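Just so you know, the sequences run in chain order A and B. Numbers given in my numbering equal positions in the first sequence, counted from 1, plus 3. Numbers given in my numbering equal positions in the second sequence, counted from 1, plus 216. As structure tokens, the structure follows; a few thoughts come after it.
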Amino acid sequence: MLEHLEEYIIPETVAEAVRLLRRRPVGSAVAITGDIDHHWWRLQRARRIVDTSRLGLDQIKTAQGGLRLGAATLLEDIVQSKPCQRFAGGLLVAGARGLASPLKRHSTSLASMIINAVPTVDITAALLLLDACVKVQGQRRRTVAMDDLFVGKGRTALDRELLLEVALPKPPPRFGTALERHALTPSDTPMLTVIAGLALTRGRIADVRLAVGGGVKVPLRLPAVERNLVGKAPSAPMFAEAAAALAKAIKPISDSRASVDHRRAVAEPLARRALARALESIR
Amino acid sequence: MKTPPRITLDVTLNGAPRTVEAGINETLFDLLRRIGHVGVKNGCLTGDCGACAIELNGRPILSCCILAAHAQGSEIVTPEGLGRPDALDPLQEAFLDTGAVQCGYCTPGMLIAARHLLRTTPDPSDAEIRDALAGNLCRCTGYVKPVEAVRLAAKRQRRRGKRK
Chain A
4 MLEHLEEYII PETVAEAVRL LRRRPVGSAV AITGDIDHHW WRLQRARRIV DTSRLGLDQI
64 KTAQGGLRLG AATLLEDIVQ SKPCQRFAGG LLVAGARGLA SPLKRHSTSL ASMIINAVPT
124 VDITAALLLL DACVKVQGQR RRTVAMDDLF VGKGRTALDR ELLLEVALPK PPPRFGTALE
184 RHALTPSDTP MLTVIAGLAL TRGRIADVRL AVGGGVKVPL RLPAVERNLV GKAPSAPMFA
244 EAAAALAKAI KPISDSRASV DHRRAVAEPL ARRALARALE SIR
Chain B
217 MKTPPRITLD VTLNGAPRTV EAGINETLFD LLRRIGHVGV KNGCLTGDCG ACAIELNGRP
277 ILSCCILAAH AQGSEIVTPE GLGRPDALDP LQEAFLDTGA VQCGYCTPGM LIAARHLLRT
337 TPDPSDAEIR DALAGNLCRC TGYVKPVEAV RLAAKRQRRR GKRK
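Structure below.
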């Protein structure tokens, strides 16, 4: 197991961690926060593991109505955090609980979910919906929108950069959210997850967001479906139409949990329910 | 093919300082079992069953999902460290008294998970107990007696005014 590994280093500073990540040959170093199971395929040819668990990147801070989550924050700490419980109707907590085992949540960091573009734990789709961005440090420090981060199955736009934190802007006023997941049991990996976020102004949709996770290659937003809803008065037929458009727009995968057809078939009722519950939560 | 190098780890294991050698590619699970802590069980090695649960720096974690090197300088508690045969942990007592052990394979992991629950939630509801044990797969008990055991241990702990 991991026969190519030559070094396991626990750096004490971000600068040291970044130097180690950028050391040649390119791609020989993998940054982890401790847990290895989501990094498994990246670790197979790694020569160097850079353990970033002791860099102090596990803080949860509020910031002008928004949130800043250190990259090394464990999912269980998100579940237990009062600021996270209050944020956006508890969506982050619902997303973190997508990993149903508390043991697993105590062992798994936000970074592991993000840098492996994991669609099967709902928190990545939740972060997308909430317009999160990530702060990373490579040759320079930069900010990348979550929307631009996931470039393919298990791949991100990061280039030997260290994930420092996830920043979430303050949600719109009276922003309702709802997460609907379809899984064999409540603790199973979802076959599909649809998340909706909604804000109204004078009875009309001012802000609407739809994110899909679970049985897709990468978590995604549906901007075209969202645009069609803005400015309209919410109604069941309108939500049904949006849900049908969402089901048509996604490209689900086929695996041992469900087929493409099954996932497409459940996408529509999940989206309808998510929109309806998001609306209900603000009324 | 080269064998990955080995490192020396200084940890506190069940309350006692310990220095051990480990391969840098060795999981904490493999290391602990190799040095005799066989209460850490192999149920899946993918982090899904909870049988390998231990406490690392006060947190219940899955030892199969962590490389041993990550534990450098850490405090580790294995199921063996929960009590002694002549002085059982309240949870161990309760699991015995309620008959919550059938094949026993999931039990050590359940004890670790439940211990953390009772530390953070001294008077848990049944729903909270079930939630805490959600990461411990059990094919034998249907969770009926384990939930009863945790409830009983919580009651006894509260009565004794003990906090572990």
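Glycine residues also receive a C-beta, built at the ideal position from the N, C-alpha and C atoms. Please read these numbers as outputs of a predicted model, since none were measured by experiment.
ask   = Near GLY73 of chain A, what residues of its chain come up, given a Cβ to Cβ distance below 6 Å and the 5 sequence neighbours on each side ignored?
value = Start at 1 with the first residue of the first sequence, and residue 73 of chain A comes out as number 70. Cβ within range, chain order: LEU60, ASP61, GLN62, GLU168.
key: For THR159 of chain A, the residue or residues it bridges with in DSSP   = The residue you call residue 159 of chain A lines up with position 156 of the first sequence. Bridge partners of THR159 of chain A: A:PHE153.
inquiry  = Can you pull out the residues from the stretch 222–235 of chain B whose beta carbon lies closer than 8 Å to at least one beta carbon of chain A?
reply    = ILE223
Test item: CB-CB of LEU249 of chain A and LEU195 of chain A under 8 Å = Counting from one through the first sequence, the residue named residue 249 of chain A turns up at place 246. Counting from one through the first sequence, the residue named residue 195 of chain A turns up at place 192. No.
message = Taking the straight line between their C-alpha atoms, what separation do you get for ASP264 of chain B and GLU244 of chain A?
response = If you number the second sequence from 1, residue 264 of chain B lands on position 48. If you number the first sequence from 1, residue 244 of chain A lands on position 241. Taking the straight line joining both Cα atoms gives about 38 Å.
key: Outcome for THR262 of chain B when other beta-carbon atoms lying within 10 angstroms are tallied against a minimum of 16   = What you label residue 262 of chain B is simply residue 46 of the second sequence in a count that begins at 1. Answer is exposed; the Cβ neighbour count stays below 16.
key: Collapsed DSSP secondary structure at ALA236 of chain A in the structure displayed   = For the purposes of this step, residue 236 of chain A is taken as residue 233 along the first sequence, with counting starting at 1. Note: ALA236 of chain A maps to coil in three-state DSSP.
key: Cross-chain neighbours of ASP38 of chain A in chain B, by beta carbon under 7 Å   = If you number the first sequence from 1, residue 38 of chain A lands on position 35. The contacting residues are CYS281, ILE282.
query = How long is the line joining the alpha carbons of TYR321 of chain B and ALA269 of chain B, rounded to whole angstroms?
reply = In the second sequence, residue 321 of chain B corresponds to position 105, counting from 1. In the second sequence, residue 269 of chain B corresponds to position 53, counting from 1. So the two alpha carbons sit approximately 12 Å from each other.
message = DSSP three-state label for ALA87 of chain A, please.
response = For the purposes of this step, residue 87 of chain A is identified with residue 84 of the first sequence, where counting begins at 1. For the record, residue 87 of chain A in the displayed sequence is Cys; it is not Ala. Note: CYS87 of chain A maps to helix in three-state DSSP.
task = Locate the beta strand (DSSP E) running through GLY30 of chain A, then write down its first and last residues.
result = Your numbering for residue 30 of chain A matches position 27 in the first sequence. Segment: none, GLY30 of chain A is in no beta strand (DSSP E) and carries neither H nor E.
message = Can you check whether the C-beta of HIS253 of chain B is within less than 8 Å of a C-beta belonging to chain A?
response = In the second sequence, counting from the first residue as 1, residue 253 of chain B sits at position 37. So, not an interface residue.
key: Sequence-distant residues of its chain with Cβ nearer than 6 Å to ALA97 of chain A (five each side left out)   = Residue 97 of chain A sits at position 94 when you count from the first residue of the first sequence. Here the set comprises LEU182.
ask   = DSSP beta-bridge partners for PRO276 of chain B?
value = On the second sequence, residue 276 of chain B is found 60 positions in, with the first residue counted as 1. Its beta-bridge partners are B:GLU271.
ask   = Quick one, which residues of the stretch 45–61 of chain A are near chain B if we go by CB-CB under 8 Å, in chain order?
value = ILE52, ASP54, SER56
request  = For the stretch 337–360 of chain B, enumerate the residues whose C-beta is nearer than 8 Å to any C-beta of chain A, in chain order.
outcome  = ASP347, ALA348, ALA350, GLY351, ASN352
ask   = Where does GLY73 of chain A fall in DSSP's three states?
value = Start at 1 with the first residue of the first sequence, and residue 73 of chain A comes out as number 70. Strand, per DSSP.
query = Terminal residues of the continuous alpha helix (DSSP H) containing ILE229 of chain B?
reply = Translated into positions along the second sequence, residue 229 of chain B becomes position 13. Checking the sequence shown, residue 229 of chain B turns out to be Leu, not Ile. First-last for LEU229 of chain B: 222–229, but that is the beta strand (DSSP E), not the alpha helix (DSSP H).
inquiry  = Quick check on DSSP: helix, strand or coil for ILE117 of chain A?
reply    = Along the first sequence, read from residue 1 onward, the residue named residue 117 of chain A stands at position 114. Helix, per DSSP.
inquiry  = Is ILE13 of chain A close to chain B? Criterion is C-beta to C-beta, closer than 8 Å.
reply    = As a position in the first sequence, residue 13 of chain A is number 10, starting the count at 1. At least one chain B Cβ lies under 8 Å of ILE13 of chain A.
request  = Decide yes or no for the touch test of the stretch 219–239 of chain B against the stretch 213–232 of chain A: beta carbon pairs closer than 8 Å, at least 3 of them.
outcome  = no
inquiry  = Between the stretch 34–54 of chain A and the stretch 300–311 of chain B, can you find at least three pairs of beta-carbon atoms closer than 8 Å?
reply    = no
task = Could you list the residues in the stretch 85–107 of chain A with a C-beta less than 7 Å from some C-beta on chain B, going in chain order?
result = ALA103, SER104, PRO105, LEU106, LYS107
query = So, is LYS251 of chain A buried or exposed, given that buried needs 16 or more other C-beta atoms within 10 angstroms?
reply = Looking up residue 251 of chain A in the first sequence gives position 248. Looking at its Cβ environment, which holds fewer than 16 other Cβ atoms inside 10 Å, LYS251 of chain A is exposed.
task = Could you say which of B:ALA310, B:ILE240, B:GLY297, B:LEU312 lies nearest to GLY274 of chain B if we only look at CA atoms?
result = Taking the first residue of the second sequence as 1, we reach residue 274 of chain B at position 58. For GLY274 of chain B, the nearest C-alpha among the options comes from B:GLY297.
ask   = Closest by CA to SER104 of chain A, which one among B:ALA267, B:ALA350, B:VAL366, B:TYR359?
value = As a working note, residue 104 of chain A is residue 101 in the first sequence. It is B:ALA350 whose Cα lies nearest to the Cα of SER104 of chain A.
query = Is there at least one Cβ from chain B nearer than 8 Å to GLU271 of chain A's Cβ?
reply = For this step, residue 271 of chain A is matched to residue 268 along the first sequence. It does not: the Cβ of GLU271 of chain A has no partner Cβ on chain B nearer than 8 Å.
task = Determine the DSSP secondary structure at VAL264 of chain A, reduced to helix, strand or coil.
result = Here residue 264 of chain A is taken as the residue at index 261 of the first sequence, counted from 1. A small correction: the amino acid at residue 264 of chain A is Asp; Val does not occupy that position in the sequence shown. Residue state, collapsed to three classes: helix.
message = So GLU9 of chain A contacts chain B; which residues on that side make the cut at Cβ distance below 9 Å?
response = Within the first sequence, residue 9 of chain A is the residue found at index 6, counting from 1. Result: LYS218, PRO220, PRO221, ILE240.
query = Do you know how far the Cα of HIS253 of chain B is from the Cα of HIS265 of chain A?
reply = Taking the first residue of the first sequence as 1, we reach residue 265 of chain A at position 262. Taking the first residue of the second sequence as 1, we reach residue 253 of chain B at position 37. Between HIS265 of chain A and HIS253 of chain B, the C-alpha separation is close to 45 Å.
key: Cβ-Cβ separation, ARG184 of chain A to ASP125 of chain A (assumed contact under 8 Å), whole Å   = Here the question's residue 125 of chain A lines up with position 122 in the first sequence. Here the question's residue 184 of chain A lines up with position 181 in the first sequence. That belief holds up - the Cβ atoms of ASP125 of chain A and ARG184 of chain A are roughly 6 Å apart, short of 8 Å.
ask   = Whose C-beta lies closer than 7 Å to the C-beta of ARG249 of chain B among residues of the same chain, with five residues either side of it excluded?
value = The residue you call residue 249 of chain B lines up with position 33 of the second sequence. VAL256.
Anticipated Cβ contact below 8 Å, ILE118 of chain A with LEU166 of chain A, distance rounded = Sequence index remark: in the first sequence, residue 118 of chain A carries index 115 (1-based). Sequence index remark: in the first sequence, residue 166 of chain A carries index 163 (1-based). That pair is a contact at about 6 Å.
message = Can you tell me whether LYS254 of chain A is buried or exposed? The criterion is at least 16 other CB atoms within 10 Å of its CB, across all chains shown.
response = Numbered from its first residue, the first sequence carries residue 254 of chain A at position 251. Label assigned to LYS254 of chain A: exposed.
message = So if DSSP puts VAL53 of chain A in a beta bridge, which residue, or which two residues, is it bridged to?
response = Here residue 53 of chain A corresponds to residue number 50 of the first sequence, with the count starting at 1. A:ILE12, A:ALA34, per the DSSP bridge assignment.
ask   = Per DSSP, GLY200 of chain A forms a beta bridge with which residues?
value = Residue mapping note: residue 200 of chain A aligns to position 197 of the first sequence, counting from 1. In the DSSP output, where bridge partners are listed per residue, GLY200 of chain A has A:THR180, A:ARG212.
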